[in-house]
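Student: Residue numbers for the sequence shown follow the UniProt record's numbering, so the first one is 1 and each next one is one higher. Glycine is no exception: its CB is placed at the ideal position from the N, C-alpha and C atoms. Since we're looking at a predicted model, the values are computed, not measured.
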Amino acid sequence: MNWNRYIKDYQSYLRIERGLSKNTIENYGFDIERLCLFLEVNQIDVSPLKITDETLQQFIYEIAKEVNPRSQARIISGLKSFFNYLIFEDYRNDNPLELIESPKTGRKLPDTLSVEEIDSLIAVIDLSSNEGERNRAMIETLYGCGLRVSELITLKISDLFFEEGFIKITGKGNKERFVPIGKFAQRYIEIYQKEIRSNLVIKKGFEDTLFLNRRGSQLTRAMIFTIIKSLAEKVGLHKNISPHTLRHSFATHLLENGADLRSIQLMLGHESITTTEIYVHLDRSFLKEVMYSFHPRK
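1) Is Q57 near T275, with beta carbons less than 7 Å apart?
2) What is the residue span of the alpha helix (DSSP H) that T226 lies within?
3) For L200, which of L254, N84, E131 and E26 has the nearest alpha-carbon?
4) Provide the residue span of the beta strand (DSSP E) that contains T170, from first to last.
5) Go through the stretch 133 to 183 residue by residue and report every complete run of the alpha helix (DSSP H) that reaches 4 residues or more, in order.
6) Three or more C-beta pairs closer than 8 Å, one from the stretch 156 to 164 and one from the stretch 75 to 95: is that the case here?
7) Just checking, does the stretch 6 to 26 make contact with the stretch 55 to 73 on the three C-beta pairs under 8 Å criterion?
8) DSSP puts Q218 in a beta bridge; with which residues?
9) With contact counted as at least three CB pairs below 8 Å, one residue from each stretch, are the stretch 200 to 218 and the stretch 226 to 244 in contact?
10) Between I273 and L261, which are expected to be in contact by the criterion C-beta below 8 Å, what is the C-beta distance as a whole number of angstroms?
11) By the DSSP assignment, the alpha helix (DSSP H) with D90 in it spans what residues?
12) In whole angstroms, what separates the C-alpha of I100 from that of I7?
13) By how many angstroms is the C-alpha of R247 removed from the C-alpha of S167?
14) Leaving out five residues on either side along the sequence, give the residues of the same chain with a beta carbon under 6 Å from the beta carbon of R221.
15) Does DSSP put P243 in a helix, in a strand, or in coil?
16) Classify I87 as buried or exposed, calling it buried when 16 or more other Cβ atoms lie within 10 Å of its own Cβ.
17) Would you check if the distance between the CB atom of G146 and the CB atom of F250 is smaller than 7 Å?
18) Pairing CB atoms from the stretch 72 to 83 with CB atoms from the stretch 111 to 123, are three or more of them under 8 Å?
19) Helix or strand or just coil, what does DSSP make of S272?
20) Going by the beta-carbon positions, is the gap between D111 and T245 smaller than 7 Å?
21) Please state whether DSSP places T112 in a helix, a strand or coil.
22) Looking only at its chain, what residues have a beta carbon closer than 7 Å to the beta carbon of F38, apart from the 5 residues adjacent to it on each side?
23) Just checking my contact of E140 with Y188 at CB under 8 Å: how many whole Å lie between their CB atoms?
24) DSSP on K204, reduced to helix/strand/coil?
25) What do you get for V41, buried or exposed, if any count of 16 or more other CB atoms within 10 angstroms of its CB means buried?
26) Please classify S242 as buried or exposed, where buried requires at least 16 neighbouring CB atoms within 10 angstroms.
27) In its own chain, which residues sit with a C-beta less than 6 Å from the C-beta of M267, not counting the 5 before and 5 after it?
Now the structure itself:
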């Protein structure tokens, strides 16, 4: 896995360029070694340049069973610093811990939007602009299909199977899955394609890409974040939301309405059911309600 080289370089960086103490540097190194041990025990052969947020979520879920919230927050902070260093040195172009928040008391759970809040986000979209029709289709697809932002921006027209009620998603590791798509998302996509996309001058290489910017090329992840943040401000939502918030909400609403975890796992494209358990952040009040509704000894 070749972690040692990167760990040593990182520790040199902390000592020489940041001037941190020996103890602090050792603690940072210990956090990374703990992650390496987790990978070894679970036979996950991956380098620090290729490790994904899902694997790190699984690791954090495991350490949450062993350490208190304060220690957990420190470990997350240390790992974030390590991956920021890899970005700084141009080894990676993203931090896989970017969307994982440190806990304040207990594990920090992501914000989830209610159906009413999602409806309000879509309602404030200005449909008089070309971008408005596109944004409505994108928001509905993100929430309606539970997509990652990277899956949304790379979605192809050739991946739409509306007659069958599915779209084909190419997820992490180029793994493909079919996800059901609802009538709202289908209708908004069709309107966007017919009224907006068909009038764009499309750049070479993006002829099959569904959602395009005004210059006819693929949207960036940052642009999707900006669109959603802007809509949240218009609505007056005081939650820290992102494209992942819609994915969390998709999974949570399915669970609350009776869907089983295995089905949610398949739709989200998680390799491990453990990741899905973290993702939908099962709350105790809902579990108690399920027990009282279905257990014979309630």
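Tutor: Well, looking at it:
1) In the sequence shown, counting from the first residue as 1, residue 57 sits at position 57. In the sequence shown, counting from the first residue as 1, residue 275 sits at position 275. Going by C-beta atoms, Q57 is nearer than 7 Å to T275.
2) Within the sequence shown, numbered from 1, the residue matching residue 226 stands at position 226. Element bounds for T226: R221 to V235.
3) As a first step, residue 200 must be located in the sequence shown, where it is residue number 200. When each option's Cα is compared against that of L200, the closest is E131.
4) Position 170 of the sequence shown holds residue 170. From DSSP, the beta strand (DSSP E) with T170 extends over F166 to T170.
5) 149 to 153
6) no
7) no
8) Here residue 218 refers to the residue found at position 218 when the sequence shown is read from its first residue. Beta-bridge pairing links Q218 to L212.
9) no
10) To locate residue 273, count along the sequence shown from 1; it is residue 273. To locate residue 261, count along the sequence shown from 1; it is residue 261. Between L261 and I273 the Cβ distance is about 6 Å, and since that is below 8 Å, they are a contact.
11) Along the sequence shown, read from residue 1 onward, the residue named residue 90 stands at position 90. Taken as a continuous stretch (DSSP letters only), D90 belongs to no alpha helix (DSSP H), as it is neither H nor E.
12) The residue you call residue 100 lines up with position 100 of the sequence shown. The residue you call residue 7 lines up with position 7 of the sequence shown. Approximately 21 Å, taken between the alpha carbons.
13) The count along the sequence shown starts at 1 and reaches residue 167 at position 167. The count along the sequence shown starts at 1 and reaches residue 247 at position 247. This sequence places Ile at residue 167; Ser is not what is there. Computed Cα separation, rounded: 16 Å.
14) Here residue 221 corresponds to residue number 221 of the sequence shown, with the count starting at 1. Closer than 6 Å at Cβ, skipping near neighbours: V149.
15) By 1-based counting over the sequence shown, the position of residue 243 is 243. Helix, per DSSP.
16) If you number the sequence shown from 1, residue 87 lands on position 87. I87 should be labelled exposed.
17) Against the sequence shown, residue 146 aligns to sequence position 146. Against the sequence shown, residue 250 aligns to sequence position 250. Yes, these two residues count as a Cβ contact at 7 Å.
18) no
19) Locating residue 272 in the sequence shown gives position 272, where the first residue counts as 1. Reduced to three states, the DSSP call for S272 is coil.
20) Along the sequence shown, read from residue 1 onward, the residue named residue 111 stands at position 111. Along the sequence shown, read from residue 1 onward, the residue named residue 245 stands at position 245. Contact flag set, yes.
21) The residue labelled residue 112 in the question sits at position 112 within the sequence shown. Three-state DSSP puts T112 in coil, outside helix and strand.
22) The count along the sequence shown starts at 1 and reaches residue 38 at position 38. Correct list, in chain order: F59 and E62.
23) For the purposes of this step, residue 140 is taken as the residue at position 140 of the sequence shown. For the purposes of this step, residue 188 is taken as the residue at position 188 of the sequence shown. Rounded, the Cβ-Cβ distance is 5 Å, consistent with contact.
24) Start at 1 with the first residue of the sequence shown, and residue 204 comes out as number 204. Note: K204 maps to coil in three-state DSSP.
25) Counting from one through the sequence shown, the residue named residue 41 turns up at place 41. It counts as exposed.
26) In the sequence shown, counting from the first residue as 1, residue 242 sits at position 242. S242 is buried by the Cβ-count criterion.
27) Along the sequence shown, one-based indexing puts residue 267 at 267. Excluding positions up to five away in sequence, the list reads G146 and V179.
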